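Here is the structure we will look at, set down as structure tokens.
Number of protein chains: 2
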Amino acid sequence: MASRRDDLVETALRLFYTSGFNATGIDKILAEAGVAKMTLYKHFRSKEELILAVLNRRDEQFRNWLMGEMEKASSDPRERLLAMFDALESWFRGQAFKGLGFNGCAFINASSEFGDPQHPAHRTAAEHKQRIVDYLERLCREAGAADPHELAERLALLKEGAIVTAHVRGMPEAARTAKGIAAELISAKTAPASVPSA
Amino acid sequence: MASRRDDLVETALRLFYTSGFNATGIDKILAEAGVAKMTLYKHFRSKEELILAVLNRRDEQFRNWLMGEMEKASSDPRERLLAMFDALESWFRGQAFKGLGFNGCAFINASSEFGDPQHPAHRTAAEHKQRIVDYLERLCREAGAADPHELAERLALLKEGAIVTAHVRGMPEAARTAKGIAAELISAKTAPASVPSA
DNA sequence: GCATATACAGACAGGTCTGTCTATTTGCAA
DNA sequence: TTGCAAATAGACAGACCTGTCTGTATATGC
Numbered sequence: 004m005a006s007r008r009d010d011l012v013e014t015a016l017r018l019f020y021t022s023g024f025n026a027t028g029i030d031k032i033l034a035e036a037g038v039a040k041m042t043l044y045k046h047f048r049s050k051e052e053l054i055l056a057v058l059n060r061r062d063e064q065f066r067n068w069l070m071g072e073m074e075k076a077s078s079d080p081r082e083r084l085l086a087m088f089d090a091l092e093s094w095f096r097g098q099a100f101k102g103l104g105f106n107g108c109a110f111i112n113a114s115s116e117f118g119d120p121q122h123p124a125h126r127t128a129a130e131h132k133q134r135i136v137d138y139l140e141r142l143c144r145e146a147g148a149a150d151p152h153e154l155a156e157r158l159a160l161l162k163e164g165a166i167v168t169a170h171v172r173g174m175p176e177a178a179r180t181a182k183g184i185a186a187e188l189i190s191a192k193t194a195p196a197s198v199p200s201a
Numbered sequence: 004m005a006s007r008r009d010d011l012v013e014t015a016l017r018l019f020y021t022s023g024f025n026a027t028g029i030d031k032i033l034a035e036a037g038v039a040k041m042t043l044y045k046h047f048r049s050k051e052e053l054i055l056a057v058l059n060r061r062d063e064q065f066r067n068w069l070m071g072e073m074e075k076a077s078s079d080p081r082e083r084l085l086a087m088f089d090a091l092e093s094w095f096r097g098q099a100f101k102g103l104g105f106n107g108c109a110f111i112n113a114s115s116e117f118g119d120p121q122h123p124a125h126r127t128a129a130e131h132k133q134r135i136v137d138y139l140e141r142l143c144r145e146a147g148a149a150d151p152h153e154l155a156e157r158l159a160l161l162k163e164g165a166i167v168t169a170h171v172r173g174m175p176e177a178a179r180t181a182k183g184i185a186a187e188l189i190s191a192k193t194a195p196a197s198v199p200s201a
């Protein structure tokens with residue numbers, strides 16, 4: 004069964020996210036998951052491999068959640084882009100992931116702990132961020148942006164700024180600060196959705 | 004002499020910043036600083052106290068550097084605000100602090116490793132960020148912003164976004180992305196410096 | 001019922017960590 | 001020169017870490 008493996012990854016995600024990667028020992032994960040040590044080392048060659056599995060799971064979980072929130076908010080790409088910041092705010096307030104309070108972005112945290120850009124965890128974090136920019140760029144293109152790449156980079160930067168501000172300073176309202184800027188950017192740099200009378 | 008204490012804090016800053024707080028052991032700091040263990044524990048009660056001393060030193064060092072760069076760039080508050088992003092870019096490219104490459108923001112890193120908002124290191128990080136916002140707000144007021152508080156929060160958020168993007172994705176050019184947004188905000192939300200003909 | 005794969009508990013090795021201790025040496029000042 | 005303060009080296013305790021190992025139990029397929 005892959006269920007033991009999933010239990011491990013799920014528990015490790017929670018503990019790593021809550022207490023950090025280096026500060027969380029293997030034994031604690033095993034105890035909370037109710038899994039024997041040899042089972043872990045059958046599925047993963049090392050703690051580092053477990054960390055990478057956790058980051059990959061988080062990448063999937065987080066992007067599914069974020070895209071879902073954006074897509075259920077509206078079918079207009081401009082409104083979808085703006086809805087990202089509403090989703091962020093509910094995350095900052097602990098309303099997004101069941102059982103996981105807000106402790107910043109797991110990928111920013113990973114890049115902090117594994118500062119070497121060549122470290123696999125740092126690279127995985129960079130890939131996650133790039134995937135989100137790619138998604139934003141698609142939406143910017145749909146929204147008729149003159150320079151979808153530039154606008155996507157700008158919106159992504161606002162997202163990172165909001166996450167860090169919310170986490171370091173304990174200010175979930177940073178999402179609204181970012182949304183205000185984003186709204187001005189989007190209305191200045193994109194054409195509105197085509198309307199019948201146009 | 005306070006010189007031993009300074010050696011410790013300086014060396015600890017470099018190692019903590021390069022390799023992380025939890026991942027850097029006391030013994031490594033002592034070996035590189037050439038200081039005996041008992042000397043450390045005479046000046047600091049624990050590793051945590053050393054970490055706090057390091058963060059306080061970094062706060063002073065970083066803000067002095069940043070304000071210095073901004074103030075030497077221009078005497079116009081609007082241009083000073085924009086100059087922040089040029090300073091950030093030189094930091095991202097490793098040209099700001101002698102002997103310290105760019106490894107993200109020490110305070111964001113501290114908040115990542117010490118995720119609990121009540122942790123002294125996390126609180127110190129929040130204070131550092133607040134001091135920078137306060138400085139930006141003064142400049143925004145000088146620049147004639149209608150809402151200096153809001154504009155300062157926006158510029159600070161852009162700064163955090165640039166730092167994270169530069170670090171996680173290895174993109175020092177994020178400073179220019181942020182500067183582009185900031186330029187539009189500043190010119191839209193402030194009055195230009197008074198000119199003789201006005 | 002039996003075989004095989006999987007997971008279990010728990011000991012263990014070898015290393016690292018923080019913080020304490022002792023005993024010695026250095027440097028400065030009177 | 002003598003005395004004192006401060007720093008030194010290095011051992012040590014106790015805890016924790018990762019990763020390996022042994023032997024036992026459980027569960028599923030034939």
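So the protein lines, in turn, are chains A and B.
Residue numbering for the first sequence follows my numbering, starting at 4 and increasing by one per position.
Residue numbering for the second sequence follows my numbering, starting at 4 and increasing by one per position.
Just so you know, even glycine gets a beta-carbon here, dropped at the ideal spot from N, CA and C.
Because the structure is a prediction, the values reported are computed rather than measured.
From the options, pick the residue whose C-alpha is nearest to that of residue i; which is it?
i, options, result
"B:N25", "B:P175, B:E74, B:H170, B:G118", "B:G118"
"B:A191", "A:V167, A:H125, A:N112, A:I184", "A:I184"
"A:M73", "A:R66, A:R83, A:N67", "A:R83"
"B:K132", "B:K45, B:I29, B:F95, B:L158", "B:L158"
"A:I135", "A:L188, A:E156, A:K45", "A:E156"
"B:N112", "B:P175, B:A36, B:R126", "B:R126"
"B:R144", "B:G102, B:G164, B:T193, B:K45", "B:T193"
"A:T180", "A:G164, A:I189, A:P195, A:H170", "A:G164"
"A:A128", "A:K75, A:H152, A:I54, A:G71", "A:I54"
"A:G97", "A:K162, A:T14, A:A169, A:F19", "A:A169"
"B:E187", "B:R48, B:L161, B:V171, B:K50", "B:L161"
"B:L33", "B:F95, B:A15, B:F19", "B:A15"
"A:V57", "A:F19, A:E35, A:L154", "A:F19"
"B:S6", "B:K31, B:I189, B:L43, B:T27", "B:L43"
"B:A99", "B:W68, B:M87, B:R81", "B:W68"
Output, in chain order, the set of chain B residues within a Cβ distance shorter than 7 Å of residue i.
i, result
"A:K132", "V171, R172"
I need the straight-line Cα distance from residue i to residue j, nearest angstrom please.
i, j, result
"B:A178", "B:D89", "7 Å"
"B:R60", "B:V12", "8 Å"
"B:S114", "A:G147", "38 Å"
"B:Q121", "A:L139", "35 Å"
"B:Q64", "B:V38", "23 Å"
"B:R17", "B:A109", "10 Å"
"B:P151", "A:P123", "42 Å"
"B:G104", "B:T21", "8 Å"
"A:H46", "A:R8", "7 Å"
"B:D79", "B:L85", "10 Å"
"A:E130", "B:M174", "13 Å"
"A:I29", "A:E52", "12 Å"
"A:R48", "A:K40", "12 Å"
"B:K75", "B:R66", "14 Å"
"B:G107", "B:I166", "6 Å"
"A:E92", "B:M70", "31 Å"
"B:T27", "A:I189", "44 Å"
"A:E238", "B:D10", "In the structure displayed, chain A extends from 4 to 201; residue 238 of chain A sits before or after that span and is not available."
"A:S77", "A:L142", "12 Å"
"B:R81", "B:P195", "8 Å"
"A:E35", "A:G102", "14 Å"
Which residues in chain A sit within 8 Å of residue i, going by Cβ to Cβ distance?
i, result
"B:N106", "G118"
"B:E92", "By Cβ distance, chain A contributes nothing, its closest Cβ being about 13 Å from B:E92, past 8 Å."
Residue i CB to nearest chain B CB: under 7 Å?
i, result
"A:V167", "yes"
"A:S49", "no"
"A:G102", "no"
"A:G164", "yes"
"A:K192", "no"
For residue i, return the contacting residues in chain B, with the cut-off set at a CB-CB distance below 8 Å.
i, result
"A:T180", "E153, E156, R157, L160"
"A:N25", "G23, N25, A26, E116"
Answer yes or no: does any C-beta atom of chain A fall closer than 7 Å to that of residue i?
i, result
"B:S114", "yes"
"B:A128", "yes"
"B:I111", "yes"
"B:G97", "no"
"B:E13", "no"
"B:R17", "no"
"B:G37", "no"
Quick one: which chain A residues come within Cβ less than 7 Å of residue i?
i, result
"B:A215", "Lying before the first or after the last residue shown, residue 215 of chain B is absent from chain B, which here runs from 4 to 201."
"B:A177", "L160"
Residues of chain A with CB closer than 9 Å to the CB of residue i, please, in chain order.
i, result
"B:E140", "Residues of chain A passing the Cβ test: none, with the nearest at roughly 13 Å."
Start-end ranges of the beta strand (DSSP E) lying completely within the region 129-171 of chain B, minimum 3 residues: none
Residue ranges of each alpha helix (DSSP H) within the region 30-108 of chain A, 4 or longer: 40-46, 50-76, 80-95
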